[in-house]
Every structure is written in C-alpha cells, then in structure tokens.
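Peer 1: So the sequence shown is residues 0 to 240, counted in numbering that gives the first Met the number 0.
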Amino acid sequence: MRPRVLAGIALAAHAWGDRCAAPPRRIMPSMSLADELQKLADLRRRGTLTQDEFEQAKRKLLAGPAPGIQAWGRGSGVRRQSATRIGGLPLWAIATGPDPARGERRGHARGVIAVGDIATGVLAIGGIARGIVALGGVALGVVSAGGLAIGLAFAVGGGALGGVAFGGAAVGNVAVGGGAVGRYALGGGGAGQYVLAANRCDPEAVEFFLHNAAWIPMAGPALSAQSRNINRLCAPRAQAR
C-alpha cells in the first residue's frame with residue numbers, strides 16, 4: 000500500500016479512538032457540577048460523545064464526590080502510619096493535606112509520634128499539635144513550643160502560657176518575656192508578685208532568677224538586659240532595708 004494510504008488509515012483510526020474513548024470523570028477540577036454536566040451535554044450535541052457514552056459519563060459524575068471536594072482534594076495529601084502499634088496507637092503517623100475519600104480538608108495524625116495538619120500523640124508536630132511534647136503553630140501539651148504555646152510544665156512561643164513560660168508575651172508561675180506576667184516575672188514589662196522589669200524591681204525576683212537561671216529558658220540573657228534596672232531600682236530598695 001502507498002504511504003499516503005497508510006497515513007490516512009492511521010489518522011482515521013486515531014480519530015475513531017478519540018470518538019469512542021470515554022471522557023474523563025473530571026472535565027475541569029474547578030468547575031461546578033452544573034458546569035460539568037453542561038460540558039458533557041455540549042460534547043453530546045456536537046457528536047463527540049454517543050448517547051451511551053454521555054449517559055455513562057453523567058452517571059459517574061453524579062455518583063462521585065462533589066466537584067468542590069474534588070477541587071480541593073487535588074494534590075499531595077498524605078496518609079501514612081506505622082504497622083507497629085503501642086497502646087493501640089501506631090508508632091508513627093503522618094497526615095497532611097486533603098483526603099476527598101474521607102471528606103477531610105486537612106489531615107489529623109494520631110500516633111505515638113504524630114506529624115500532620117492536626118497532630119495528636121506523645122510527640123506531636125503540626126499546625127495544631129496536642130501531646131506530651133507538642134510543637135506547632137498552636138501547641139498544647141506538657142512541654143510545648145509554637146506560635147501559641149500552652150504547656151503544663153514548659154511553654155515557649157510567641158505567646159506562651161504554662162508553669163514556666165517564655166515568649167514575646169508570657170504568662171505562668173514563672174514567666175520570662177517581652178511582656179511577662181507571673182508569680183515570678185522577668186521581662187521588658189512585668190506584672191506579678193515578684194517582678195524584675197523596666198518598670199519594677201523586687202529583690203525576691205532578682206534572687207530567684209539569679210539562682211535558677213540555669214534551667215529557666217532565656218533567663219540569663221534577660222537578667223543581663225535588666226542589669227541596669229537591678230542597679231537603679233533594686234539597689235536603693237536593698238539599702239533601705
């Protein structure tokens with residue numbers, strides 16, 4: 000057969016294959032359900048789809064998740080966990096991004112070690128982290144560090160609330176920060192029972208922080224920063240006694 004004839008047969012076969020192929024389930028990820036149905040109807044009207052192909056595609060579209068869920072469900076959602084379990088929890092678990100099959104817009108990891116958009120575990124790392132040790136944008140635990148940290152024992156963060164708290168704004172039994180509120184408070188500005196700050200200097204606070212600086216986060220540098228206030232405010236009070 001001549002080359003032109005062979006090329007013509009190949010092109011015809013390719014065109015027939017395109018005509019018979021079922022359309023993809025999702026025409027456009029960002030389209031609404033009504034838009035996708037209209038697109039299918041347009042393809043049927045132009046003859047691109049047979050009636051059977053049109054009905055089959057429409058059934059699949061209506062049976063699947065809503066297009067809005069499909070749109071945010073695209074991408075790199077991850078769900079992984081260890082086969083090893085301790086106390087009913089996987090040794091480690093990772094859950095990030097959306098999961099359309101479960102109707103989840105964000106991942107929630109639960110494990111001994113948990114990493115996710117939301118993480119719950121002994122060691123939890125995530126946008127929202129809850130655990131014995133919690134690290135995240137919002138962290139809640141016994142020991143916590145994050146943008147907003149709430150810790151039963153220690154909390155370190157931009158905003159910190161805990162037994163011992165260090166942060167831009169710190170509230171705790173012992174608080175060290177730009178602004179500190181606590182029974183013992185050390186910071187640029189402070190309030191509490193015993194305070195060492197630019198606005199106030201209690202000898203009890205000086206003694207406490209000097210003796211415990213080794214284990215209180217950033218207490219050493221904060222004491223150095225307050226050395227002038229110690230001499231200016233505390234020395235006269237000590238002499239008065």
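Note that beta-carbon positions come from the ideal geometry of N, C-alpha and C, so glycine has one too.
For residue 210, count neighbouring Cβ atoms within 10 angstroms of its own Cβ and tell me buried if that reaches 16, exposed if not.
Peer 2: Residue 210 is exposed by the Cβ-count criterion.
Peer 1: Exposed or buried, which one is residue 108 when buried takes at least 16 other CB atoms within 10 Å?
Peer 2: Per the 10 Å Cβ criterion, buried.
Peer 1: Using DSSP with H/G/I as helix, E/B as strand and the rest coil, what is residue 116?
Peer 2: Of the three classes helix, strand and coil, the one that applies to residue 116 here is strand, per DSSP.
Peer 1: Please report the Cβ distance between residue 137 and residue 151, rounded to the nearest whole angstrom; I am assuming they are in contact, meaning their Cβ atoms lie under 8 Å.
Peer 2: Contact flag wrong, Cβ pair sits at about 15 Å.
Peer 1: With distances taken from CA atoms, which of 38, 49, 46 is nearest residue 60?
Peer 2: When each option's Cα is compared against that of residue 60, the closest is 38.
Peer 1: On a Cα-Cα basis, can you pick out the residue from 58, 165, 145 that is closest to residue 35?
Peer 2: When each option's Cα is compared against that of residue 35, the closest is 58.
Peer 1: Specify the secondary structure class of residue 89 as computed by DSSP and reduced to three states.
Peer 2: Residue state, collapsed to three classes: strand.
Peer 1: If you scan the segment 135 to 190 from start to end, which runs of the beta strand (DSSP E) of 3 or more residues do you find wholly inside it?
Peer 2: As far as the segment 135 to 190 is concerned, it has no whole beta strand (DSSP E) run of at least 3 residues.
Peer 1: Leaving aside the five residues before and after residue 105 along the sequence, list all residues of the same chain whose C-beta is less than 6 Å from its C-beta, in chain order.
Peer 2: The residues are 116.
Peer 1: What number of angstroms, rounded off, separates the C-alpha of residue 100 from the C-alpha of residue 79?
Peer 2: C-alpha separation (whole angstroms): 15 Å.
Peer 1: Which whole-angstrom value describes the C-beta separation of residue 95 and residue 76, a residue pair presumed to lie in contact below a C-beta threshold of 8 Å?
Peer 2: About 7 Å; that satisfies the 8 Å criterion.
Peer 1: Specify, as a first and last residue, the run of the alpha helix (DSSP H) that residue 198 falls within.
Peer 2: Per DSSP, residue 198 belongs to no alpha helix (DSSP H) and is neither H nor E.
Peer 1: Can you tell me whether residue 133 is buried or exposed, with buried defined as 16 or more other CB within 10 angstroms of its CB?
Peer 2: Buried, by the Cβ-count rule.
Peer 1: Roughly how many angstroms separate the alpha carbons of residue 124 and residue 183, rounded to a whole number?
Peer 2: Going by the C-alpha atoms only, they are around 30 Å apart.
Peer 1: Determine the DSSP secondary structure at residue 122, reduced to helix, strand or coil.
Peer 2: The answer is strand: DSSP assigns residue 122 an E or B state.
Peer 1: List the DSSP bridge partners of residue 107.
Peer 2: Answer by DSSP bridge pairing, in chain order: 117.
Peer 1: In whole angstroms, what is the alpha-carbon distance linking residue 47 and residue 33?
Peer 2: Cα-Cα distance, rounded: 19 Å.
Peer 1: Taking its Cβ as the centre, do 16 or more other Cβ atoms sit within 10 Å of residue 174, making it buried, or is it exposed?
Peer 2: By the 10 Å Cβ count, residue 174 comes out buried.
Peer 1: Three-state secondary structure (DSSP) at residue 84?
Peer 2: Three-state result, residue 84: strand.
Peer 1: Excluding five sequence neighbours on each side, which residues of the same chain lie with their C-beta closer than 6 Å to the C-beta of residue 88?
Peer 2: Once the five neighbours on either side are set aside, the close Cβ partners of residue 88 are 110, 111.
Peer 1: Any idea what DSSP makes of residue 213, helix, strand or coil?
Peer 2: Here residue 213 sits in coil by DSSP.
Peer 1: The ligand ATP and residue 154: does any heavy atom of the ligand fall closer than 7 Å to the residue's C-beta?
Peer 2: With respect to the ligand ATP, the structure offers nothing, as it holds no ligand at all.
Peer 1: Residue 45 by DSSP, collapsed to three states: which one?
Peer 2: Looking at residue 45 - three-state DSSP - the assignment turns out to be coil, as it is neither helix nor strand.
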